[in-house]
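Some notes on the structure that comes next.
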Amino acid sequence: MVRVLDAHALMVFFEREPGFEKVKSLFSEALEDDNDLLMTSVNFGEVYYIILRECGQVRAQEIERLTQTIPIQIVDVDVQLAKEAARFKAQKKVSYADCFAAALAKMLKGEVVTGDKEFKAFGGDVKVFWI
Numbered sequence: 002m003v004r005v006l007d008a009h010a011l012m013v014f015f016e017r018e019p020g021f022e023k024v025k026s027l028f029s030e031a032l033e034d035d036n037d038l039l040m041t042s043v044n045f046g047e048v049y050y051i052i053l054r055e056c057g058q059v060r061a062q063e064i065e066r067l068t069q070t071i072p073i074q075i076v077d078v079d080v081q082l083a084k085e086a087a088r089f090k091a092q093k094k095v096s097y098a099d100c101f102a103a104a105l106a107k108m109l110k111g112e113v114v115t116g117d118k119e120f121k122a123f124g125g126d127v128k129v130f131w132i
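Right, here's the structure in full:
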């Protein structure tokens with residue numbers, strides 16, 4: 002199963018918030034199966050700006066380095082992914098960044114890993130693995 006992390010899932014992992022153990026388990030599975038979890042560059046940017054704003058440049062750079070040590074593949078946004086995200090944004094009252102995670106999951110017939118209740122708005126359009 003293709004799994005796509007949204008910013009919430011990665012923040013839960015780094016901040017050891019409720020749901021941490023589920024995300025950690027997914028990383029362990031990914032390592033065992035040699036199958037990275039995916040995250041769009043937009044969603045990674047969301048994590049980066051939150052850490053930068055709340056904790057400063059040093060912590061943001063540390064998070065960037067840590068992200069390179071866990072089984073996450075950052076997927077750059079292309080026109081096809083941007084259009085799919087835009088379709089969701091035009092129809093749903095959710096953040097634009099969340100639309101990218103949902104769009105990638107839909108395109109790859111996977112599921113979004115999140116605890117963000119905003120993803121309930123996607124209904125049957127996108128599968129969600131709730132943390």
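The numbering used here numbers the first residue of the sequence shown as 2 and each following residue consecutively. All C-beta atoms in this analysis are idealised placements derived from N, C-alpha and C, irrespective of residue type, glycine included. Please read all numbers here as calculations on a predicted model, not as lab measurements.
Beta-carbon within less than 8 angstroms of residue i's beta-carbon, same chain only, minus the 5 sequence neighbours each way: which residues are those?
i    : result
G116 : H9, A10, V13, P19, G20, W131 and I132
L67  : F15
G111 : M2, V3, R4, V5, L39, L105 and K128
D126 : F89, A103 and K107
Per the DSSP calculation, residue i is bridged to which residue(s)?
i    : result
I75  : M40
T115 : W131
R4   : E112
Going by other Cβ atoms of all chains shown within 10 Å of its Cβ, with 16 needed for buried, is residue i buried or exposed?
i    : result
M2   : exposed
D35  : exposed
V113 : buried
V24  : buried
Beta-carbon of residue i versus every beta-carbon of chain B: anything under 8 angstroms?
i   : result
E63 : Looking for chain B here will not work: only one protein chain is present.
Taking 6 angstroms as the limit between beta carbons, can you name the residues of its chain near residue i, skipping five residues before and five after?
i    : result
M40  : L6, I73 and I75
L53  : A61
A86  : C100, F101 and A104
F123 : A103
By Cβ distance, which residues of its chain are closer than 7 angstroms to residue i, with the 5 residues on each side in sequence left out?
i    : result
K121 : none
Inter-stretch contact at 8 angstroms, needing at least 3 Cβ pairs: the region 64-78 / the region 28-35:
By the criterion of at least three beta-carbon pairs nearer than 8 angstroms, the region 64-78 is in contact with the region 28-35.
Can you confirm whether the region 75-93 touches the region 103-115 when touching is taken to mean that 3 or more C-beta pairs between the two stretches lie within less than 8 angstroms?
Verdict: yes, contact present.
Please go through the region 11-65 and give each complete alpha helix (DSSP H) segment of 4 or more residues, from N-terminal end onward.
List check, alpha helix (DSSP H) in window: 21-34 and 42-56.
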